[in-house]
Structure formats: C-alpha cells, structure tokens
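Participant: Handing you this structure, nothing more for now.
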Amino acid sequence: MIFGVVSVVFARANNILVYPTGIISTGIYVYLLFNWGLIGDLIINIYFFLMSIYGWFFWQQKKLNKHINIISSSDNSTINIVVVIFLISFISVFLIYKFFNMWNNSFSMFDTLTTSIFFSAMFLMAKRKIEHWSFWIIGNFISIPLYFYKGATITSIQYIIFIFLAISGFLKWRKILNKTNQNVLK
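Take 3 as the starting number for the sequence shown in the working numbering and just add one per residue.
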C-alpha cells in the first residue's frame with residue numbers, strides 16, 4: 003500500500019520517481035491479486051509494470067531534452083488509441099475469464115471494466131496526458147466496493163486515498179498545463 007500511495011504522490015508532482023515506486027507496488031500486487039482471484043487486476047498490474055518501464059524511459063528522454071514538464075491534452079489520435087486500448091483490454095480480459103470459467107458474478111464484470119479503465123489511464127499517464135487523472139478517479143471509485151467485498155479492506159482504503167490524490171493531481175496538472183499554454187501564447 004505504501005509504495006502505491008507514494009507512486010501516486012510522485013505522479014501528482016509530475017516526478018519520474020512515479021515509475022520505480024510503481025514497479026515495486028505492482029510486484030507486490032501481482033502476488034496478492036493472484037491469491038484473490040482477480041484476474042483482470044492481475045493482468046493490469048503486469049501491464050503497469052511494463053508501462054512503468056516505458057514511462058520511465060519516455061519521461062527520462064523528456065528530461066534529457068530539457069522538456070521536463072511537458073503535460074498536454076489528448077488530441078484525436080490519442081483519443082482513438084485510448085478507445086482501442088479500452089476495447090481490446092475489455093474483450094481480452096472477458097475472454098480470459100470465460101476461458102478459465104471464472105466469469106461467475108458481477109465482480110468479474112467490474113474487474114474487467116476497471117482493468118480497461120486502468121489500462122487506458124496508464125497509457126495516458128506514460129504520455130503525460132492530463133486526462134489520465136479522470137480515468138484513475140473513475141476506476142478508483144469502482145474499485146473501492148470491489149476490494150471491500152473481497153475482504154481487502156486496506157486496499158479499499160488505498161483506493162479512497164488514490165481518489166483524493168487523483169483529484170489533487172488533476173488540479174495540479176491543470177495548473178501546470180494552463181501555465182504552459184499561457185507561456186506559449188506570449
């Protein structure tokens with residue numbers, strides 16, 4: 003839980019340390035999610051691990067080029083990619099649940115939905131798109147009762163903390179984006 007919260011704090015601060023702390027957090031959660039039988043979230047944590055490596059590299063390149071705070075809004079091309087990521091992840095996780103005969107209750111559907119939302123959010127975060135915060139907020143709201151019902155109360159509390167951090171992160175990134183846009187107009 004600590005590494006997950008610290009990772010979101012670093013994301014809020016637009017700090018590259020979001021990625022190494024995220025890698026540690028996802029490693030822990032891969033183990034836990036396997037034991038809880040939440041296949042969708044297990045898959046997403048593997049994806050988070052891989053996207054953290056990509057994001058770490060991408061953000062490091064920006065830093066080397068002295069464009070440290072390049073936060074932007076998504077253009078139509080990015081939106082189209084996010085729609086494809088969402089649909090592919092939703093269909094893939096659904097098929098995995100069906101293949102292993104684990105599509106047995108509404109939690110399977112919610113797990114599949116949050117997985118698709120979080121896949122999209124992580125892609126947008128790696129690209130430093132402000133919209134990623136909205137995806138995190140929505141996915142976190144859905145995740146709270148899912149984990150609470152599974153008996154993972156501490157994880158539910160973590161998602162409540164994530165909501166507040168995501169709202170704060172969105173406001174901070176919006177301020178940075180507005181300032182960047184004002185400087186461009188000068």
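All C-beta atoms, glycine included, are put in the ideal place defined by N, C-alpha and C.
(1) Can at least three beta-carbon pairs, one atom from the region 126–136 and one from the region 100–117, be found at a separation below 8 Å?
(2) The alpha helix (DSSP H) with A13 in it runs from where to where?
(3) Under 8 Å Cβ to Cβ from T114, same chain only, skipping five residues before and after it: list those, please.
(4) Is S76 helix, strand or coil by DSSP?
(5) Assuming the contact rule is C-beta atoms closer than 8 Å, A123 and F143 should be a hit. Round their C-beta distance to whole Å, please.
(6) Looking at the secondary structure, which residues open and close the alpha helix (DSSP H) in which L148 lies?
(7) Roughly how many angstroms lie between the CA atoms of N78 and T117, to the nearest whole one?
(8) Could you give the DSSP three-state label for K177: helix, strand or coil?
(9) Please classify I73: is it buried, with 16 or more other beta-carbons within 10 angstroms of its beta-carbon, or exposed?
(10) In three-state terms, what does DSSP make of K129?
(11) I30 lies in the alpha helix (DSSP H); which residues open and close that run?
(12) Rounded to whole angstroms, what's the CA-CA distance from G57 to K152? Just pull it up for me.
Facilitator: Reading it off the structure:
(1) no
(2) Residue numbering aside, residue 13 sits at position 11 when the sequence shown is read from its first letter. First-last of the alpha helix (DSSP H) with A13: I4 to R14.
(3) Here residue 114 corresponds to residue number 112 of the sequence shown, with the count starting at 1. Once the five neighbours on either side are set aside, the close Cβ partners of T114 are G42, F92, V95, F96 and Y99.
(4) Locating residue 76 in the sequence shown gives position 74, counting from the first residue. Note: S76 maps to coil in three-state DSSP.
(5) Here residue 123 is taken as the residue at index 121 of the sequence shown, counted from 1. Here residue 143 is taken as the residue at index 141 of the sequence shown, counted from 1. Wrong, their Cβ atoms sit about 13 Å apart, outside the cutoff.
(6) Counting from 1 along the sequence shown, the entry for residue 148 is found at position 146. Per DSSP, L148 belongs to the alpha helix (DSSP H) from H134 to Y151.
(7) Locating residue 78 in the sequence shown gives position 76, counting from the first residue. Locating residue 117 in the sequence shown gives position 115, counting from the first residue. For N78 and T117, the distance between alpha carbons rounds to 23 Å.
(8) Counted from its first residue, the sequence shown places residue 177 at position 175. Helix.
(9) Sequence index remark: in the sequence shown, residue 73 carries index 71 (1-based). Classification of I73: buried, given that the 10 Å Cβ count is 16 or more.
(10) By one-based count along the sequence shown, residue 129 stands at place 127. Looking at K129 - three-state DSSP - the assignment turns out to be coil, as it is neither helix nor strand.
(11) Indexing the sequence shown from 1 puts residue 30 at position 28. V20 to W38 is the extent of the alpha helix (DSSP H) around I30.
(12) By 1-based counting over the sequence shown, the position of residue 57 is 55. By 1-based counting over the sequence shown, the position of residue 152 is 150. Their backbone Cα atoms lie some 31 Å apart in a straight line.
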